[in-house]
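First up is the structure itself, then whatever we jot down about it.
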Amino acid sequence: MDQVSEHDSVYDGLLGGDDSRWAFGTSFEDPLAGVDTTVPDGVDTAALAAYCLMLGDDALIASHRLSEWCSSAPDLEDDIALANIALDLLGQARLLLARAAAADPTVVPALPEGSPVPPEDALAFFRPEGRFRNVRLVEQANGDFAVTVARLMVLSTWRLALMERLVDSRDAVLAAIAAKAVKEVAYHRDYAARWVVTLALGTDESRRRVEAGLRTVWPWRWELVDDHVVETEVDAAGVGVAPSRVADEVDALLDQVLGVARLERPEVKDVGPHGGRAGRDGRHTEALGRLLAEMQVVAREHPRGRW
Amino acid sequence: MVTAVRSAVAADRARAVVASVTDPEMPMLTLHDLGVLRDVVVQADGRVRVTITPTYSGCPAMATMRDDLVRALQDAGFEAEVVVSLEPAWSSDLITQAGRRALRDHGVSPPGAAPQGGPVALRLLPVRRDVRCPRCDSTAVELTSEFGPTACRALYRCTDCLEPFEHVKEI
């Protein structure tokens, strides 16, 4: 060959300073770029940030658990469905963690100078277990598919009811995040509830599995609707929703699904707080430590984003 | 006067460049057709500020949209920045008529009317949609899954021509 044309090397286009040639770019981005994140008058920024971490950590940890199904779900359609739901929740987590960081930058862990890690990632990947504020329901290991859909039904029924009220938040950012979440979580709730019904009315084995799934997730339910002092405070300030407000609605919806599925509410004891503290206070079960070890290892090994 | 005319011309040119940028996941649609483009402003310093809104919270195409916009504007001689607008939330109703035609022409079923506000009803049976097969126009279609290759699409199949196809969900 006499001369090498510019098309001879498939790598040529990758060189040079134009990052946007990479599939999704190589630069970090702020999901709230350009959004006015001023905190409304009369709102305690620390309480608002803690509340955003609660809702954001629920989404982040549930998303991570659901993503563990990727390539392992019972069939391709459900593999795709669970991955899509995980992606929706990850998007909500990014917005909520970014909102927490904008409201109160002191919640963001300090990183080495020169680290390109944005606040939302610092919160996700560099916080220790004791500063995660998710409910313990979402951190439990997946179990089988029936356990996963039973838990997703409980979580998304509660989350949708909460988000439907949060659209009236005095905090315009939270209100906008909630308005998007309502549209997304409605699909999650339908998906999970339909599977609970399908499994319950399927074979003896599928019914046995979904009954066991409900018994597995039921002891953790109470934490979703138990008002934490932070939730009471943001509710009073008009920026958040105390979850006890949605307890009756959530119960009625779950009873509706159980009725169609001809299932009884499981009679199992709640797993209470430990020393007066539970997930919203950063008191978690062993399962979260293992999850975080896997989720955070790469970021913690490379805090400057370089290797 | 000359400055005003020049900046109006620049604004038109910037808008034309932005109008040509397509969605990375559904390249038959421009960002305008998809309804995610909120605003294009040429600022006093000549920089172009483009405002876009995400379709779904977790849409991984947002970063690519931003990069494609910045690059297209750079190629046309503009410095550009892209910012996010979350409110009002994107709705599939914002997809233009031209966008709906383009979807159908490329074998993707366009969305029907999005649900209106108010309490969200629990749906234990598949949502009834007025869906036609984009290949043979049959109404004999069945839902395979509410979740598809991207957050915004559901999977269907046509029981007449037997081909699978995607439907853009109503949100």
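Which chain is which? The protein sequence lines are A and B, in order.
Numbering follows our numbering, in which position 181 of the first sequence is assigned residue number 182; successive positions increment by one, without gaps.
Numbering follows our numbering, in which position 20 of the second sequence is assigned residue number 51; successive positions increment by one, without gaps.
Note that beta-carbon positions come from the ideal geometry of N, C-alpha and C, so glycine has one too.
Nonlocal neighbours in the same chain, by C-beta distance under 8 Å from residue i, ignoring five residues either side
i: Leu292 of chain A; result: Ile62, His65, Arg66 and Glu140
i: Val218 of chain A; result: Leu138, Gln141, Val148, Ala151, Arg152 and Val155
i: Arg46 of chain B; result: Val71
i: Pro113 of chain A; result: Pro304 and Arg305
i: Met96 of chain B; result: Val52, Asp54, Pro55, Leu62, Val67, Ile83 and Val113
i: Ala182 of chain B; result: Thr86, Tyr87, Gly89 and Cys90
Sheet register partners of residue i (DSSP bridge)
i: Ile83 of chain B; result: B:Leu68 and B:Val115
i: Cys189 of chain B; result: B:Val172
i: Arg184 of chain B; result: B:Val199
i: Thr61 of chain B; result: B:Thr53
i: Ser140 of chain B; result: B:His198
i: Val247 of chain A; result: None; Val247 of chain A has no bridge partner.
i: Val258 of chain A; result: Paired residue(s): none; Val258 of chain A is not in a bridge.
i: Val158 of chain B; result: None, per the DSSP bridge assignment.
i: Val73 of chain B; result: B:Val79
Beta-carbon proximity list for residue i, same chain, < 6 Å, skipping 5 on both sides
i: Ala24 of chain A; result: Summary for Ala24 of chain A: the model assigns pLDDT 44, below 50, so the residue's position carries little reliability, and this model does not support an answer.
i: Ala279 of chain A; result: Glu224
i: Glu121 of chain A; result: Arg95, Leu98 and Ala99
i: Leu289 of chain A; result: Glu130 and Glu140
i: Pro150 of chain B; result: none
i: Asp98 of chain B; result: none
i: Cys79 of chain B; result: One point to set straight first is that residue 79 of chain B is Val, not Cys, in the sequence displayed. Closer than 6 Å at Cβ, skipping near neighbours: Ala45, Val73, Leu104, Phe109 and Ala111.
i: Ala41 of chain B; result: Val73
i: Val251 of chain A; result: Thr158, Trp159 and Ala162
i: Leu48 of chain B; result: First, the amino acid is wrong: residue 48 of chain B is Val here, not Leu. Result list for Val48 of chain B: Ala103, Leu104 and Ala107, in chain order.
i: Leu264 of chain A; result: Ala201
i: Ala171 of chain B; result: Thr190 and Asp191
Run of the alpha helix (DSSP H) containing residue i, from where it starts to where it stops
i: Pro195 of chain B; result: Per DSSP, Pro195 of chain B belongs to no alpha helix (DSSP H); it is in the beta strand (DSSP E), Pro195 to Val199.
i: Thr286 of chain A; result: From DSSP, Thr286 of chain A is part of no alpha helix (DSSP H); its letter is neither H nor E.
i: Gly276 of chain A; result: Gly276 of chain A -> no alpha helix (DSSP H), and no H or E assigned at all.
i: Asp99 of chain B; result: Met93 to Asp106
i: Asp105 of chain A; result: Where Asp105 of chain A is concerned, there is no enclosing alpha helix (DSSP H), given that its DSSP letter is neither H nor E.
i: Ser122 of chain B; result: Here Ser122 of chain B belongs to no alpha helix (DSSP H), and DSSP marks it neither H nor E.
i: Pro120 of chain A; result: Pro120 to Phe127
i: Lys270 of chain A; result: Where Lys270 of chain A is concerned, there is no enclosing alpha helix (DSSP H), given that its DSSP letter is neither H nor E.
i: Glu69 of chain A; result: It is not in any alpha helix (DSSP H) - Glu69 of chain A carries neither H nor E in the DSSP assignment.
i: Val183 of chain A; result: Ala173 to Ala201
i: Ala147 of chain A; result: Phe146 to Leu167
i: Glu206 of chain A; result: Asp205 to Val218
i: Thr38 of chain A; result: Element bounds for Thr38 of chain A: n/a, residue is neither H nor E.
i: Asp236 of chain A; result: Val230 to Ala237
i: Val151 of chain B; result: Here Val151 of chain B belongs to no alpha helix (DSSP H), and DSSP marks it neither H nor E.
i: Leu225 of chain A; result: Trp223 to Val226
Same chain, Cβ closer than 7 Å to residue i, neighbours up to 5 away in sequence not counted
i: Leu174 of chain B; result: Pro157, Ala185 and Tyr187
i: Glu201 of chain B; result: Ser123, Pro142, Gly143, Ala144, Ala145 and Pro146
i: Arg266 of chain A; result: Leu259
i: Ser245 of chain A; result: Val226 and Asp228
i: Asp31 of chain A; result: Ala99 and Pro119
i: His275 of chain A; result: Arg284
i: Cys192 of chain B; result: Cys164, Arg166, Cys167 and Ser169
i: Gly115 of chain A; result: Arg305
i: Val36 of chain A; result: Val174
i: Arg69 of chain B; result: Thr82, Ile83, Thr84 and Ser116
Candidates the options, of which the one nearest residue i by Cα
i: Phe127 of chain A; options: A:Arg137, A:Asn135, A:Val109 and A:Leu91; result: A:Val109
i: Gly239 of chain A; options: A:Leu49, A:Gln93, A:Glu30 and A:Ala87; result: A:Leu49
i: Ala313 of chain A; options: A:Leu200, A:Pro113 and A:Gly241; result: Residue 313 of chain A lies beyond the residue range present for chain A, which begins at 2 and ends at 308; the question has no answer from this structure.
i: Leu167 of chain A; options: A:Glu206, A:Gly144, A:Val247 and A:Ser207; result: A:Val247
i: Gly179 of chain B; options: A:Asn85, A:Tyr52, A:Val298 and A:Ala60; result: A:Asn85
i: Val44 of chain A; options: A:Glu165, A:Ala237 and A:Arg281; result: A:Ala237
i: Ala34 of chain A; options: B:His198, B:Ser116 and B:Asp136; result: B:Ser116
i: Gly214 of chain A; options: A:His189, A:Ala194, A:Glu232 and A:Asp59; result: A:Ala194
i: Val235 of chain A; options: A:Arg210, A:Ala187 and A:Asp42; result: A:Asp42
i: Pro220 of chain A; options: A:Lys270, A:Leu254 and A:Glu212; result: A:Lys270
CB-CB length for residue i against residue j, believed under 8 Å
i: Ser68 of chain A; j: Asp80 of chain A; result: Not confirmed; about 11 Å, so no contact.
i: Val113 of chain B; j: Val81 of chain B; result: 5 Å
i: Leu91 of chain A; j: Gly57 of chain A; result: Leu91 of chain A to Gly57 of chain A, Cβ: 10 Å. No contact.
i: Val73 of chain B; j: Ser38 of chain B; result: 6 Å
i: Gly130 of chain B; j: Phe196 of chain B; result: Incorrect: roughly 17 Å between the Cβ atoms, too far for contact.
i: Leu83 of chain A; j: Ala74 of chain A; result: 6 Å
i: Ser169 of chain B; j: Arg163 of chain B; result: 7 Å
i: Leu60 of chain B; j: Leu134 of chain B; result: 7 Å
i: Arg134 of chain A; j: Ala51 of chain A; result: 7 Å
i: Leu54 of chain A; j: Ala103 of chain A; result: Their Cβ separation, rounded to whole angstroms, is 12 Å, which puts Leu54 of chain A and Ala103 of chain A out of contact at 8 Å.
i: Ala177 of chain A; j: Ala120 of chain B; result: 7 Å
i: Val183 of chain A; j: Met164 of chain A; result: 5 Å
i: Asn143 of chain A; j: Trp70 of chain A; result: 7 Å
Distance cut-off 6 Å: residue i Cβ against heavy atoms of the ligand FAD
i: Gly57 of chain A; result: Only the bare structure without any ligand can be found here, which leaves the ligand FAD out of the picture.
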